[in-house]
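Below you'll find the structure, written out as structure tokens, and then a few comments.
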Amino acid sequence: MRQFAALIHMSDIIRLDKMLGEMGYGTRKEIKKLIKDGVVKVDGNIVRDPGNHINTKVQSVTVNGEKLDYRKYIYIMMNKPAGVISATESPYEKTVVGLLPEKYLNFKPSPVGRLDKDTLGLLLLTNDGELIHRLISPKKHVPKVYVARVRGTVTEEDIDSFKKGVILDDGYRTLPAGLKIIEQGDISTVEVEIFEGKYHQVKRMFEAVGKKVVLLERISIGPLKLDTNLKAGEFRELTSHELELLQEDICLDIFSRISRN
Ligand code: URA
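Per my numbering, the sequence shown runs over residues 3 to 263.
So this is what it looks like as structure tokens:
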């Protein structure tokens, strides 16, 4: 007799009470009561055992008739507005997490790295700790691209200085960075590509060459580009394609990349 073996990934299996907990249905006790009350169904059948194991890929769970859209991780792209800090909470300031609706808060998303309060643009928020680590680890050199408006005429000399790395106010020499002039003038518009994330890095790099950043917007992190349809303060979940791009190895050889520019 031929045997048919279904492929089961253990990572898709979760206890019913844990699943409901992760989806924000309350404390263990509250969830136990929900299940006991008979309002939780698995594949259309009432279940009474909180320890029931669910295959999240193939089984359907409803609570009071509402289907659970279960996933462990969320990935949100935000076009960060000015005036909001890159934090999960603050007693004094508006935070990027505070801009998200309730349905995302159960997942406990955090911003991936920080943008200054006055910096705009691409911010990723997720609860996937491994991805956060890969994107912000200093060893990974993930490229980040910013558009900056800079007081002062940005010159070819500045491009060379950025390519070599500039010395910041604390004596640190930055890694090589890319600098492209988009518009040269009293206020210049430039694109900057950096491979690390020191405090106020872009602003301090321009200070090192005697110029001042007056507006800063991040437009990409590795392969992820800011969706230009998102207005300041708006956000959306990443598409599966964007997520795949991020899961690929985005470690780069900076030096060959910079010398190509
Ligand atoms: N560099 C800065 O100076 N500020 C930011 O917010 C990001 C990079």
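Positions of the beta carbon are idealized from the N, C-alpha and C atoms, including for glycine. In this text the structure is predicted, and so the values were computed from the model without any measurement.
Output the distance between the C-alpha atoms of leucine 70 and phenylalanine 109, rounded to the nearest integer angstrom. Rounded to whole angstroms, leucine 70 and phenylalanine 109 show a C-alpha spacing of 14 Å.
Give a yes or no on whether 9 Å exceeds the smallest Cβ distance from isoleucine 33 to chain B. Absent here is chain B; the protein component of the structure consists of one chain.
Just mark glutamate 91 as buried or exposed, buried being the case when its beta carbon has 16 or more other beta carbons within 10 Å. Glutamate 91 comes out exposed.
Cutting at 6 Å between CB atoms, please list the residues of its own chain near methionine 3, excluding the five before and the five after it. Reliability fails at methionine 3, whose pLDDT of 43 lies under 50, so the model's placement of it is uncertain and the value that follows must be treated cautiously. Counting only Cβ-Cβ distances below 6 Å, and skipping sequence neighbours, we find nothing.
Nearest-residue set for the ligand URA, Cβ under 6 Å from any heavy atom: Output, sorted by chain position: Leu117, Asp118, Thr121, His202, Gln203, Val204, Lys205, Leu218.
Once DSSP output is grouped into helix, strand and coil, what is the label at alanine 210? Looking at alanine 210 - three-state DSSP - the assignment turns out to be helix.
With DSSP collapsed to three states, give me the class of glutamine 249. It is helical.
Helix, strand or coil at glycine 123 according to DSSP, with G and I counted as helix: Strand, per DSSP.
Extent of the continuous beta strand (DSSP E) to which phenylalanine 237 belongs: 237 to 239 is the span of the beta strand (DSSP E), which, as asked, contains phenylalanine 237.
Segment contact, 8 Å Cβ cut-off, at least three pairs: the segment 100 to 108 with the segment 141 to 152: Below 8 Å, too few C-beta pairs join the segment 100 to 108 and the segment 141 to 152 to call them touching: fewer than three.
Please specify which runs of the beta strand (DSSP E), each continuous and at least 3 residues long, are wholly inside the segment 12 to 47, giving them in chain order. Complete beta strand (DSSP E) runs here, min 3: 15 to 17, 42 to 44.
Tell me valine 192's beta-bridge partners as DSSP assigns them. The secondary-structure analysis by DSSP pairs valine 192 across a beta bridge with Ala150, Ile183.
DSSP on arginine 220, reduced to helix/strand/coil? Three-state result, arginine 220: strand.
How many angstroms separate the CA atom of asparagine 47 from the CA atom of leucine 18? One alpha carbon belongs to asparagine 47, the other to leucine 18, and they sit about 13 Å apart.
Classify phenylalanine 6: buried if its beta carbon has 16 or more other beta carbons within 10 angstroms, exposed otherwise. Note on phenylalanine 6: pLDDT 48, under 50, position unreliable in the model; the coordinate value appears next. Exposed.
CA nearest to the CA of tyrosine 201, picked from Lys233, Ala84, Lys119, Arg136: Answer by Cα proximity: Lys119.
First through last residue of the alpha helix (DSSP H) which encompasses tyrosine 106: Where tyrosine 106 is concerned, the enclosing alpha helix (DSSP H) starts and stops at 104 to 107.
Looking at the structure shown, is isoleucine 76 part of a helix, part of a strand, or coil, going by DSSP? Residue state for isoleucine 76 is assigned as coil, using DSSP reduced to three classes.
Would you call the segment 156 to 172 and the segment 243 to 250 in contact, with 3 or more CB pairs under 8 Å? Contact between the segment 156 to 172 and the segment 243 to 250 is absent: fewer than 3 CB-CB pairs across the two stretches fall below 8 Å.
Enclosing beta strand (DSSP E) for isoleucine 161 [first to last residue]: Residue range 158 to 166 is occupied by the alpha helix (DSSP H) that includes isoleucine 161, with no beta strand (DSSP E) assigned at that position.
Helix, strand or coil for arginine 4 per DSSP? Only weak support exists for where arginine 4 lies, its pLDDT of 47 falling under 50; the value from the coordinates is given anyway. Residue state, collapsed to three classes: coil.
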